[in-house]
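Engineer: Structure provided below as C-alpha cells; questions to follow.
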Amino acid sequence: MTRPTIADLAKAANVGVSTVDRVLNGRDPVRPQTAERVLSAAERIGFHGVTAIKKRLENDKPIIKFGFLLKQSHRKLYQMWAEVLTKAVEAFPDAHGRAIVRFVDELAPENTADALLAMSRDADAVGIITSDHPQINHAVDGLENEGIPVFTMISDLTARGRAGYVGNDCVKKGRTAAWFIDNVNPRPGKVAVFVGSHRYLSQELCEMGFRSYFRESQREFQMMETLGTQEEPDIAYELTRGLLKSEENWVGLYVAGGGVTGVMRALREDGGPAAKRLVVVAHELTNETRAGLAEGIIKVVLSHPARLLADTLVRAMAEALDTHRTPTVSHNILPFEIHTAANI
Numbered sequence: 001m002t003r004p005t006i007a008d009l010a011k012a013a014n015v016g017v018s019t020v021d022r023v024l025n026g027r028d029p030v031r032p033q034t035a036e037r038v039l040s041a042a043e044r045i046g047f048h049g050v051t052a053i054k055k056r057l058e059n060d061k062p063i064i065k066f067g068f069l070l071k072q073s074h075r076k077l078y079q080m081w082a083e084v085l086t087k088a089v090e091a092f093p094d095a096h097g098r099a100i101v102r103f104v105d106e107l108a109p110e111n112t113a114d115a116l117l118a119m120s121r122d123a124d125a126v127g128i129i130t131s132d133h134p135q136i137n138h139a140v141d142g143l144e145n146e147g148i149p150v151f152t153m154i155s156d157l158t159a160r161g162r163a164g165y166v167g168n169d170c171v172k173k174g175r176t177a178a179w180f181i182d183n184v185n186p187r188p189g190k191v192a193v194f195v196g197s198h199r200y201l202s203q204e205l206c207e208m209g210f211r212s213y214f215r216e217s218q219r220e221f222q223m224m225e226t227l228g229t230q231e232e233p234d235i236a237y238e239l240t241r242g243l244l245k246s247e248e249n250w251v252g253l254y255v256a257g258g259g260v261t262g263v264m265r266a267l268r269e270d271g272g273p274a275a276k277r278l279v280v281v282a283h284e285l286t287n288e289t290r291a292g293l294a295e296g297i298i299k300v301v302l303s304h305p306a307r308l309l310a311d312t313l314v315r316a317m318a319e320a321l322d323t324h325r326t327p328t329v330s331h332n333i334l335p336f337e338i339h340t341a342a343n344i
C-alpha cells in the first residue's frame, strides 16, 4: 500500500500543499485551527508525519497566564472554585496555561479594585467574581484600556470595558426557585428572600425573577421584604431565627446569596413545626448544601455546572487574547443544575 503523500494530506485537510509544508517544517506561522485540521486529516489517512505535526502544535502553543480573582478565601465555595478553575487551566488544550488565583477577603470595593490592578501586572486575562460598584467598574475599564480582558463569572458587572460574562440566566433561576416553593408547599403563606448584597447583579436578577413569578402566581403567597446577609452565615442565622419567631405563616425561603450555612444552623437548632415546614431553596452544591438536602433542611439547590463554567471561562479568556477586541460583550449563558435529596 502506497504511503499518503503531502499532496494527499493537503487534499484531505482541504488546504494547500504549502500550508502542509509549513505545518510539518515550522518555517512560517500557521493558525492553530488550521494546524489542528491538518493533524486530524493526517491521523485519518495514516500520514507518516503525525508525530512531527503533534510536536509542532505543542511547540506553537502560546503561554497564557490566567488570573482569577475570587472572594473570601475561608469559604469552601471559593476554595472549590479555585480548584476547579486551576484544573480547567491545566487541561486547556490550546495553550500552556498557568493559573493565578487570588482572594479578596475584605469585600470593600476599593480592596477589589486594588486587587484587580495588582492582578493586571501578572496576568494576561482576568476572571472575577465581584459586586457591581463604580470603583470596581473603573478598574475593569482601566484593564481593558491596557489590553487585559476581564471576564465576569457568576455575577456580571455594568463596566463598559468588561470582555464577557459566564454564568446562568439569573431571572430564570429566580423564577425556578419560586416555582419550587409554589409547588412544594401544600398551602400558600409568607415567602422571604435573602441576598448577600444588593450590589451583586446576579442576586438582584434572581430576586427579580423570584418576585415576578409570585406576582403572576394564582396562589396567595405573600412576599416579605428582602433581607441582606452581607454574605455572612452569622447574620443569616440571626435573620432566620428572628423570622421563625415573628412570622407564624412563613413557608418559603430563597437564599439567593451567601449565608446558607447560617440558615441551616438556625433550622437545625429550632427543629419545630415552622422550621420543618419551611421550603428552602439555595444556590451551589457544596458539601454543606449536600448535607442540607440529605437532612431535608434544604429542599432544592440550583447550582452552576462547575466544570462547564470553568472550561467555558478559560476558553473565552484565551480567545479574547487571540482575536481583535470589539465593543460587544460576549455572554456565555450556561444551564443551571437542579439538585434535590433524590439525585445527590
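Be aware that the sequence shown starts at 1, since it is given in the working numbering, and climbs by one per residue.
No residue lacks a Cβ here, since even glycine has one placed at the ideal position from N, Cα and C.
1) Start and end of the alpha helix (DSSP H) containing methionine 224?
2) Where are the alpha helix (DSSP H) runs, 4 residues long or more, that stay fully inside the segment 127-202, in chain order?
3) Could you check which residue in Ala178, Val38, Val23, Ser131 has the C-alpha nearest to that of alanine 13?
4) If the criterion is Cβ atoms closer than 8 Å, does the pair histidine 283 and valine 263 meet it?
5) Would you report the Cα separation of isoleucine 136 and methionine 317, rounded to the nearest angstrom?
6) Would you list the residues sitting across from serine 330 in a DSSP beta bridge?
7) Grab me the residues of arginine 199's own chain with a C-beta within less than 7 Å of its C-beta, minus the 5 sequence neighbours each way, in chain order.
8) Tell me the start and end of each unbroken beta strand (DSSP E) in the segment 16-50 that is at least 3 residues and wholly inside, in chain order.
9) What do you reckon, is the C-beta of alanine 118 under 7 Å from a heavy atom of the ligand COA?
10) What is the DSSP secondary structure of glutamate 238, counted as helix, strand or coil?
11) Decide if the segment 135-151 is in contact with the segment 177-184; the criterion is three or more beta carbon pairs, one per stretch, under 8 Å apart.
12) Between phenylalanine 68 and chain C, is there a C-beta pair that is closer than 8 Å?
13) Could you please give the first and the last residue of the uninterrupted alpha helix (DSSP H) stretch that includes arginine 265?
14) Measuring CA to CA, which of Gly258, Gly252, Asn249 is closest to isoleucine 235?
15) By DSSP's criteria, arginine 254 is part of a beta bridge. Which residues make up the other side?
16) Hey, would you say valine 47 sits closer than 8 Å to valine 314, going by beta carbons?
17) Helix, strand or coil: which one does DSSP assign to lysine 65?
18) So what's arginine 98 in DSSP terms, helix, strand or just coil?
19) Mind checking who serine 303 pairs with in its DSSP beta bridge?
20) For glutamine 203 versus valine 191, is the C-beta spacing smaller than 8 Å?
21) Between leucine 77 and isoleucine 128, what straight-line distance do the alpha-carbon atoms span, to the nearest angstrom?
22) Take the Cβ of aspartate 124 as the centre, count every other Cβ of all protein chains shown within 10 Å, and call the residue buried at 16 or more, exposed below.
23) Between the C-alpha atoms of isoleucine 64 and proline 305, what's the straight-line distance to the nearest angstrom?
24) Any idea if glycine 252 is buried or exposed, counting beta-carbon neighbours within 10 angstroms, 16 or more meaning buried?
Structural biologist: Straight from the coordinates:
1) Along the sequence shown, read from residue 1 onward, the residue named residue 224 stands at position 224. Segment: none, methionine 224 is in no alpha helix (DSSP H) and carries neither H nor E.
2) 134-145, 170-184
3) For the purposes of this step, residue 13 is taken as residue 13 along the sequence shown, with counting starting at 1. Residue Val38 is the option with its Cα nearest to alanine 13.
4) Within the sequence shown, residue 283 is the residue found at index 283, counting from 1. Within the sequence shown, residue 263 is the residue found at index 263, counting from 1. No, Cβ-Cβ distance for histidine 283 and valine 263 is not below 8 Å.
5) To locate residue 136, count along the sequence shown from 1; it is residue 136. To locate residue 317, count along the sequence shown from 1; it is residue 317. Cα-Cα distance, rounded: 19 Å.
6) Here residue 330 is taken as the residue at index 330 of the sequence shown, counted from 1. BP columns for serine 330 point to Gly164.
7) Reading the sequence shown from its first residue, position 199 is the one you call residue 199. Only Ser131, Asp132, His133 meet the Cβ criterion.
8) none
9) This structure does not include the ligand COA; it has no bound ligands of any sort.
10) Here residue 238 is taken as the residue at index 238 of the sequence shown, counted from 1. The answer is helix: DSSP assigns glutamate 238 an H, G or I state.
11) no
12) The chain labelled as chain C is not found in the depicted structure, where only one protein chain is given.
13) As a first step, residue 265 is located in the sequence shown; it is residue number 265 there, counting from the start. Its alpha helix (DSSP H) spans residues 260-270.
14) For the purposes of this step, residue 235 is taken as residue 235 along the sequence shown, with counting starting at 1. The residue with the shortest Cα to Cα distance from isoleucine 235 is Gly258.
15) Numbered from 1 along the sequence shown, position 254 holds the residue referred to as residue 254. Note on identity: in this sequence residue 254 is tyrosine, with arginine being the wrong assignment. Per the DSSP secondary-structure output, tyrosine 254 pairs in a beta bridge with Val193, Val281.
16) The residue you call residue 47 lines up with position 47 of the sequence shown. The residue you call residue 314 lines up with position 314 of the sequence shown. First, the residue type needs correcting, since residue 47 is phenylalanine and not valine in the sequence shown. No, these two residues do not count as a Cβ contact at 8 Å.
17) Locating residue 65 in the sequence shown gives position 65, counting from the first residue. The answer is strand: DSSP assigns lysine 65 an E or B state.
18) In the sequence shown, the residue the question calls residue 98 occupies position 98. Strand.
19) In the sequence shown, the residue the question calls residue 303 occupies position 303. Paired residue(s): Glu337.
20) Numbered from 1 along the sequence shown, position 203 holds the residue referred to as residue 203. Numbered from 1 along the sequence shown, position 191 holds the residue referred to as residue 191. Result no, Cβ atoms of glutamine 203 and valine 191 do not sit closer than 8 Å.
21) In the sequence shown, residue 77 corresponds to position 77, counting from 1. In the sequence shown, residue 128 corresponds to position 128, counting from 1. Take the alpha-carbon of leucine 77 and the one of isoleucine 128: they are about 14 Å apart.
22) Position 124 of the sequence shown, counted from the first residue, corresponds to residue 124. When all chains shown are included, aspartate 124 counts as buried.
23) The residue labelled residue 64 in the question sits at position 64 within the sequence shown. The residue labelled residue 305 in the question sits at position 305 within the sequence shown. Computed Cα separation, rounded: 24 Å.
24) Translated into the one-based positions of the sequence shown, residue 252 becomes position 252. With 16 or more other Cβ atoms within 10 Å, it is buried.
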